[in-house]
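Enquirer:
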Amino acid sequence: MGFPHKPHARETVLLSRYFGEADARTYKGWVKRGGYAALEQARAMEPARVIDIVKESGLRGRGGAGFPTGLKWSFMPKEKKKPHYLCVNADESEPGTFKDREIMRWTPHALLEGTAIAAHAIQAEVAYIYIRGEFTEPLAIMEKALTDARAAGVFGDLKIHLHRGAGAYICGEETALMNSIEGKRGNPRIKPPFPAAAGVFGMPTTINNVETLAAVPPILTKGAAWYKGLSLASPKSTGTKLFSVCGHVQQPGNYEVTMGFPLKDLVYELCGGMRAGRTLKACIPGGSSVPILNREETEACLLDYEGVVERGSMLGSGGVIVFDDSADMVYQIMRLARFYAHESCAQCTQCREGTAWTTKVLERILAGQGKPADLDLLLDLSENMTGKTICVLSDSCAAPVVSGIKKFRNEFEDYLAGRRKPVMVA
Amino acid sequence: MPDELVNLTIDGVPVGVPKGTLVIEAAKQAGVLVPHYCYHPGLPVAGVCRMCLVDIEKQPKLAIACATQVAEGMVVKTQSPAAKSARTGVLEFLLINHPLDCPICDQAGECELQDFTFQEGRAGTRYSPDYPKRFNPVEDFGPDVLYVPNRCILCTRCVRFMEDVAQEPVLNVSERGDRAYIGVHPEARLDHPWAGNVVDLCPVGSLLSKDFLHKARAWELDKTASVCTGCSQGCNVTLDTRENVVVRVRPRPNLEVNRYFICDHGRMNYRWMNRGDRIEAPLVKRGGELHATDWPDAFERVTTVLRGAGPRIVALVSPRASTEALFFARELFRAGGLEWTGAFQVVMGEEAPLAGVPDLALRAERAPNARGAELLGYGREYAAALAAAESAAVVLVLDEPDVPVRTAGTLIYAGTVLPERARDADVVLPIANVAEEDGSFVNRDGRVQRYAQAKPAPGMARPGWWVFSELSAALGQGEPVASAAEAFARAAQAVEPLRGLSYERLGFTGKPAAVAVPA
């Protein structure tokens, strides 16, 4: 798994262009491919100018929320009174998402270059790259790349630290990530204060996703207008996006397409369609935390921030999980709920208790011991778990449950009515 | 300069509060209690229980009142359908893993989970009885604290107290999700001198005091405002009594003195108030033996002695006696024109500060009213006074238990119990202890603070101020006083630093006396 495929003709390879080329991992190989030119270019500009260019490009956060990157950078204090920090979120833990991993594995210098440009733009003297603990190979590659680039002196006064996580999903939440960097338990913080006012170590901080930062060097070298032009549908979504496709498709993997690309084409063409004799049943388009799409919605969905919302879900991190008609949606949703119950940080009541309760109800339904009132109970619990907590982990648990019951109610009812063989879940 | 006031409306009640005030505090001023668990005014905000979710007009989502600052024109609704249903939801979530063992839980009756569930919880549970509840065994956290994890709602008040207030972070949240529990450092105990506060802070019956374990039901307790006698800090406390027995001491908030906390020394310092070996009647010596008598007879004996007293009188007083008693004891000699010396001694111990609160410590001086005694002219030259007692005409001992008094003169002992040494006394006057009388103390910073009677005094024992004011009157020095308030009023007239103060003005949080505060 994971060795990159030859790009499909309909892909737009910007971030994934050098995936599979071992030489691109090396400092020399990266420079040969035009690497670190954008950093030099940025260094020659006023920080505010760099922010303007990124604003003009329309680049939005690729971690899930889709917040305009340039705007986020502009929230940092203009007049520097305290040290500024940049945090790079490389804790990619969203089930179904594995794009940042590939960026770090194949083009570590793209991330380092983007990091250095962002640090210049927000006037940060220290950058932390928080890498998911399980990413042992990407970490080793990043360490080597950092050592080489540092030795070549490309970062100037900027200090870049690699910080390895310890395996908690919640540490990918930006404020939990900052607590984790500080050596504390990875609990999300209440906002406000927002990171730009008081982030890591209480200092002004910007936090960006790996894919977001990797997109910054080409924006500088090729220009904001060019990047903005990469848009097939909504003008509010620009550039390319890596989609990590997994599940019941012929060729799972990372696919880079221009914003606005039809999900249908991604699944049926780029990924080679469903397994033989199977048909598409459902799709989670943006990592496990977003509502599930049914077949009709999937086939009508355009992959950009607006397009997916239009179909009732979210672009999220771009982790596309595809289910064919063999999939047991009740089981799939239980697996997701169990994941969130396991990963809840335990701070907020609704999340700590709600995720676990939701899991128990789903397990009972699967075991053939569900009660008719269970579906309404699940929906009510989900309502109580949505929009009421510090972070969105409990919302993320509720989203697939609510959309699943709404769109695949018959499968739940089959279990409840004893029409389906119970599944014992361990 | 007065703070800029922000005007807002809470449940239709307009309030003006200083900028930066939290909605939950502003609501208190509007007479609205927003239900909450993790919030405590003495701790940093955590915002985790999500119980205080309120509806704020023009905001898309419910907001937690404990972490939202007021804004001009804000309209807060705690009773909107969305806010109410959010709270009902939180209560339901909190209860799914909470054992319904209220009948054997010490917190029952003063439990915020019970109270808010009573107020707006669901009538029944939707959590199937087939699902197991989280179970973890009871843990021994420290000298006086037990942790019952099954009842824990993970509000983290205890964790934050130890981390930010005691600044000895031995507690944490261990594990994640619904497996989470409060953990104690594997190599540490919860034995900080102020650790007992976590029991008060715990909104449910998860952290329990071993001392109070299964001792009383909360609704059987009578609560009386008092002042701790453990040291010269003068922390405000509540004495909890059950059938006239003091069973518990808890902190009473006073932002000027102890905020919301008391130390464990003070907390445990109450058993002596319940002593059974009390003097229950005045005693007078006849034929070398002490015999019980009535008050008029005892007064008669004392006045006779004082009327014919020689020039030298020594008073050995306890710095635990009330300001009022100390005042009238002094007046007995002063108004009679007698030459007298008064002294007290203070038991010393180790100082134990509460790191996160300025000017709050278990003080080395283990006496609540040393400052009051000083104010009234009693000195600290105790050894000299003891020596002088040997040749004095009259020696008065006021509730000083271990006094090696040898005197050629008459020994009058006024006290709560009769120590061996005091059996040589010519007259013994039974007095009430701090739990049995109204009175006041002056703390080390010169703050005069009242305490109230929590239980009756045994037998014929009476407050010290009553005894000495009656004696003064019997000696023809004015009218006796009928209440502690009146006794204090007399003292306030006569003693410059107390001038202008009265029980009414003191209230139950006290006022500073006009004294120089020690540096």
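Residue numbers (the numbering used here), protein chains in the order written: chain A, -9 to 416; chain B, 973 to 1491. Ideal Cβ placement from N, Cα and C applies to all residues, glycine included. The structure presented is a predicted model; accordingly, all values stated were derived computationally and were not measured.
1) Apply the 10 Å Cβ neighbour rule to histidine 1186 of chain B and answer buried if 16 or more other Cβ atoms are within range, or exposed otherwise.
2) Report yes or no: do the region 1125 to 1141 of chain B and the region 1321 to 1331 of chain B share at least 3 C-beta pairs separated by less than 8 Å?
3) Using a Cβ-Cβ cutoff of 7 Å, what residues of the region 368 to 400 of chain A are near chain B? List them in chain order.
4) Where are the beta strand (DSSP E) runs, 3 residues long or more, that stay fully inside the region 1395 to 1423 of chain B, in chain order?
5) Less than 7 Å between CB atoms is the rule here; does glutamate 343 of chain A satisfy it with respect to chain B?
6) At a Cβ cut of 7 Å, what residues of the region 1040 to 1064 of chain B count as close to chain A, listed as they run along the chain?
7) Give the DSSP bridge partners of methionine 264 of chain A, in chain order.
8) Counting only Cβ-Cβ distances shorter than 9 Å, please list the residues of the region 1181 to 1213 of chain B near chain A, keeping chain order.
9) Assign tryptophan 216 of chain A to buried or exposed, taking buried as 16 or more other Cβ atoms, counted over all protein chains shown, within 10 Å of its Cβ.
10) What residues of chain A sit near arginine 1123 of chain B, judged by a beta carbon separation below 8 Å?
11) Please identify the residue among A/Ile112, A/Val310, A/Arg95 and A/Ser279 whose C-alpha is closest to the C-alpha of leucine 125 of chain A.
12) What number of angstroms, rounded off, separates the C-alpha of alanine 1160 of chain B from the C-alpha of valine 1142 of chain B?
13) Using a Cβ distance threshold of 8 Å, determine whether the region 1039 to 1052 of chain B contacts the region 1160 to 1176 of chain B, with at least three qualifying pairs required.
14) Near glycine -8 of chain A, what residues of its chain come up, given a Cβ to Cβ distance below 6 Å and the 5 sequence neighbours on each side ignored?
15) For threonine 1097 of chain B, count the other beta carbons within 10 Å of its own beta carbon; 16 or more makes it buried, fewer makes it exposed. Which is it?
16) According to DSSP, simplified to helix, strand and coil, what is glutamine 1449 of chain B?
17) What is the rounded straight-line gap between the Cα of glutamate 127 of chain A and the Cα of serine 307 of chain A?
18) By the 7 Å beta-carbon criterion, what residues does the region 1002 to 1019 of chain B contribute toward chain A?
19) Which residues mark the beginning and the end of the alpha helix (DSSP H) in which phenylalanine 1460 of chain B is found?
20) Histidine 332 of chain A versus chain B: which residues are under 8 Å apart at the beta carbon?
21) Kindly indicate which three-state DSSP category lysine 361 of chain A falls into: helix, strand or coil?
22) Closest by CA to cysteine 387 of chain A, which one among A/Gly51, A/Asp90, A/Cys261 and A/Ile282?
23) Using a Cβ-Cβ cut-off of 7 Å, state whether isoleucine 355 of chain A counts as contacting chain B.
24) Excluding the 5 residues preceding and the 5 following asparagine 1108 of chain B in the sequence, name in chain order all residues of the same chain whose CB lies nearer than 6 Å to its CB.
25) What residues of chain B sit near cysteine 335 of chain A, judged by a beta carbon separation below 7 Å?
26) Within its chain, find whatever has a CB closer than 8 Å to the CB of valine 1277 of chain B; leave out the 5 residues flanking it on each side and keep chain order.
27) Cysteine 1174 of chain B CB to nearest chain A CB: under 7 Å?
28) Just to confirm my understanding: we take glycine 25 of chain A, look at its own chain, exclude 5 residues before and 5 after, and list those with CB closer than 7 Å. What are they?
29) Where does the unbroken alpha helix (DSSP H) through threonine 105 of chain A begin, and where does it stop?
30) From what residue to what residue does the beta strand (DSSP E) around alanine 1315 of chain B run?
31) Against chain B, with Cβ distances strictly below 7 Å, would isoleucine 323 of chain A count as a contact?
32) How big is the Cα-Cα spacing for valine 320 of chain A and threonine 349 of chain A?
33) Go ahead and pull the three-state DSSP assignment for lysine 71 of chain A.
34) Going by C-alpha to C-alpha distance, which of A/Leu365, A/Ala111 and A/Met324 sits closest to methionine 417 of chain A?
35) Can you tell me where the alpha helix (DSSP H) with phenylalanine 1065 of chain B in it begins and where it stops?
36) Identify the contact partners of isoleucine 1068 of chain B in chain A, using a Cβ-Cβ distance below 7 Å as the criterion.
Expert: Let me spell this out:
1) exposed
2) yes
3) Asn374, Gly377, Lys378, Thr379 and Ile380
4) 1399 to 1402, 1411 to 1414 and 1419 to 1423
5) yes
6) Listed by position along the chain: Ala1058, Gly1061 and Val1062.
7) In the DSSP output, where bridge partners are listed per residue, methionine 264 of chain A has A/Val239.
8) Under the 9 Å Cβ criterion, the region 1181 to 1213 of chain B contributes no residue.
9) exposed
10) Within chain A, no residue comes near arginine 1123 of chain B; the closest Cβ sits about 14 Å away, beyond 8 Å.
11) Checking the sequence, you will find phenylalanine at residue 125 of chain A rather than leucine. Of A/Ile112, A/Val310, A/Arg95 and A/Ser279, the residue nearest in Cα terms is A/Arg95.
12) 7 Å
13) no
14) Residue confidence for glycine -8 of chain A is low, a pLDDT of 48 falling below 50, so the modelled location carries little weight and cannot support an answer.
15) exposed
16) In the displayed model, glutamine 1449 of chain B falls within coil according to three-state DSSP, outside both helix and strand.
17) When rounded, the distance between both Cα atoms is 21 Å.
18) Gly1019
19) 1456 to 1466
20) Within 8 Å Cβ-Cβ: Arg1148 and Gly1149.
21) coil
22) A/Ile282
23) no
24) Pro1121 and Tyr1153
25) Arg1148
26) Val1366, Thr1382, Ile1384, Asp1398 and Val1399
27) No, cysteine 1174 of chain B lies away from the interface with chain A (no Cβ there is under 7 Å from its Cβ).
28) His99 and Glu103
29) 98 to 111
30) Where alanine 1315 of chain B is concerned, the enclosing beta strand (DSSP E) stretches over 1311 to 1316.
31) no
32) 11 Å
33) coil
34) Outside the shown range of chain A, which is -9 to 416, sits residue 417 of chain A, and nothing can be said about it.
35) 1053 to 1068
36) Under the 7 Å cutoff, chain A gives Glu343 and Trp347.
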